[in-house]
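Student:
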Amino acid sequence: MQAERTGLVLKGIGGFYYVQDGENLISCRARGKFRKDRVSPYAGDHVRFTVDENGEGYLAEILPRRNFLVRPPLANLDKLFVISSVSDPQPSTLIIDKTIAAAELKNIEPVLVFTKTDLEDASVLREIYGGIGLRTYFVSAESSEGMDALRAELAGCISAFTGNSGVGKSTLLNRLMPQLVLETGEISRKLGRGRHTTRHVELYPVENGYVADTPGFSTLDIERYELFRKEELPGGFREFEPYLGQCRFSSCSHTCEKGCAVLAAAQAGKIARSRLESYIAMYNEVKDIREWQLSKTRNV
Ligand SMILES: Nc1nc2c(ncn2[C@@H]2O[C@H](COP(=O)(O)OP(=O)(O)O)[C@@H](O)[C@H]2O)c(=O)[nH]1
Ligand SMILES: [Mg+2]
Ligand SMILES: [Zn+2]
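In this text, residue positions in the sequence shown follow my numbering: the first is 64, and each later residue adds one.
And the structure:
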């Protein structure tokens, strides 16, 4: 038995976890201890492991996580790329805003990507998302607009792409990593199995970092598993920050109250109407959530 080493889990399939250790990718089994503790190693986990005399690896411990997502199962993300197409399918600002908020509240930096700019004018989206304090990219795999900037954004980070089926995630990943050949919409339609893609999450090396492909997961999965407390919800909307604490009532929910500085800012055009609408819709969804319902998806 060799000494314990540490490495990064890139994927888990069929009971094996593939751990990057310098140049090597070592397949490891999880010991019974993990099942007993009901923790599963996720892609993105830093783990301690040993390798026996036959070269078989065993996971010994998952090191503390900085953050994690439940669906898709990923740990220690630096950035969550929230991907929507400007058209085909039409974007939903509510889903975009929920996903941004989920990332913010987990201390994962959200990065916005709008794809298929060759299909439709994106000026409305530029107006809404240009002013919220997040890095935003408009890209097209057809015209190659924005591809170099996007590649630079991935450098040195562990990132995940999220977005609904058909927005162009796999197409983007294939373009960003020419050595990769992921199945895209066109091919899966031809094979008639678009809806039956596997659900294994894998980190791929890119630009001195890693990016996760999350086939079979959609932004809706993140939304469903990441519940918020109503008090923390404003933290999911960066552009509200200057106005928080300025409302007449300290208990202001920023949904309807007199003297609300957030509502006044929206009225004055300093906060986009669709962003405020998303906030209010989310507030109404979470205001009756109980503490026990939250505990399952908390980081700590
Ligand atoms: N016009 C246009 N179509 C695109 C672009 N990117 C992807 N597509 C098409 O959109 C469809 C879905 O792409 P895919 O990468 O499979 O989406 P995913 O489900 O998010 O992985 C495919 O038919 C792609 O060819 C783009 O920039 N412009
Ligand atoms: Mg795909
Ligand atoms: Zn208020």
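The beta-carbon is built from N, C-alpha and C at its ideal position, and this holds for glycine as well.
(1) For ligand 3, I want to know if V349 counts as a neighbour, meaning its beta carbon is within less than 6 Å of at least one of the ligand's heavy atoms.
(2) State buried or exposed for P376, treating a residue as buried only when at least 16 other CB atoms are found within 10 Å of its CB.
(3) How would you write the range of the beta strand (DSSP E) that A204 sits in, first residue to last?
(4) When you compare the stretch 136-152 with the stretch 291-304, are there three or more beta-carbon pairs, one atom per stretch, that lie closer than 8 Å?
(5) Any heavy atom of ligand 3 closer than 6 Å to the CB of C319?
(6) Please indicate yes or no: does the CB of S233 lie closer than 6 Å to some heavy atom of ligand 2?
(7) Using only the heavy atoms of ligand 1, determine whether one of them is closer than 6 Å to the beta carbon of S155.
(8) Give a single yes or no on whether T247 has its beta carbon closer than 6 Å to a heavy atom of ligand 1.
(9) Can we count G229 as close to ligand 1, meaning its CB is less than 6 Å from some heavy atom?
(10) Please classify H259: is it buried, with 16 or more other beta-carbons within 10 angstroms of its beta-carbon, or exposed?
(11) Pairs of beta-carbons, one from the stretch 278-289 and one from the stretch 311-321, closer than 8 Å: are there three or more?
(12) Looking at the secondary structure, which residues open and close the alpha helix (DSSP H) in which D160 lies?
(13) From which residue to which residue does the beta strand (DSSP E) around E302 run?
(14) When DSSP labels each residue in this structure, what does E75 get in the three-state scheme?
(15) Pop quiz: E286 and I163 are said to be a contact at Cβ under 8 Å. What is the actual Cβ separation, rounded to whole angstroms?
(16) Would the C-beta of C220 count as close to ligand 3, meaning under 6 Å from any of its heavy atoms?
(17) Rounded to the nearest angstrom, how far is the Cβ of Y200 from that of L213, given a contact under 8 Å?
(18) Would you report the Cα separation of I221 and G322, rounded to the nearest angstrom?
(19) Near T247, which residues of its chain fall below 6 Å by C-beta distance, leaving aside the five closest residues on each side in sequence?
Tutor: So, to answer that:
(1) Checking the Cβ of V349 against ligand 3 gives no.
(2) In the structure as shown, the chain starts at 64 and stops at 363, and residue 376 therefore has no counterpart that could be examined.
(3) Boundaries cannot be given for A204, as no beta strand (DSSP E) includes it and DSSP labels it neither H nor E.
(4) By the Cβ test, the stretch 136-152 is not in contact with the stretch 291-304, since fewer than three Cβ pairs between them sit closer than 8 Å.
(5) Flag unset: Cβ of C319 not near ligand 3.
(6) Checking the 6 Å criterion, the Cβ of S233 is within range of a heavy atom belonging to ligand 2.
(7) False, no ligand heavy atom lies under 6 Å from that Cβ.
(8) Checking every heavy atom of ligand 1 against the Cβ of T247, one is found closer than 6 Å.
(9) Correct: G229 has its Cβ closer than 6 Å to ligand 1.
(10) Since pLDDT at H259 reaches only 47, below the 50 mark, its modelled position is unreliable, and the value read off the structure follows with that caveat. Exposed is the call here.
(11) Contact between the stretch 278-289 and the stretch 311-321 is absent: fewer than 3 CB-CB pairs across the two stretches fall below 8 Å.
(12) 156-168 is the span of the alpha helix (DSSP H), which, as asked, contains D160.
(13) First-last for E302: undefined, no H or E at that position.
(14) This sequence places Gly at residue 75; Glu is not what is there. Per DSSP, reduced to three states, the secondary structure at G75 is strand.
(15) With a Cβ gap of about 11 Å, E286 and I163 do not count as contacting.
(16) It does not: the Cβ of C220 is nowhere closer than 6 Å to a heavy atom of ligand 3.
(17) About 5 Å; that satisfies the 8 Å criterion.
(18) In this model, I221 and G322 are separated by some 42 Å (Cα to Cα).
(19) Here the set comprises S233, T234.
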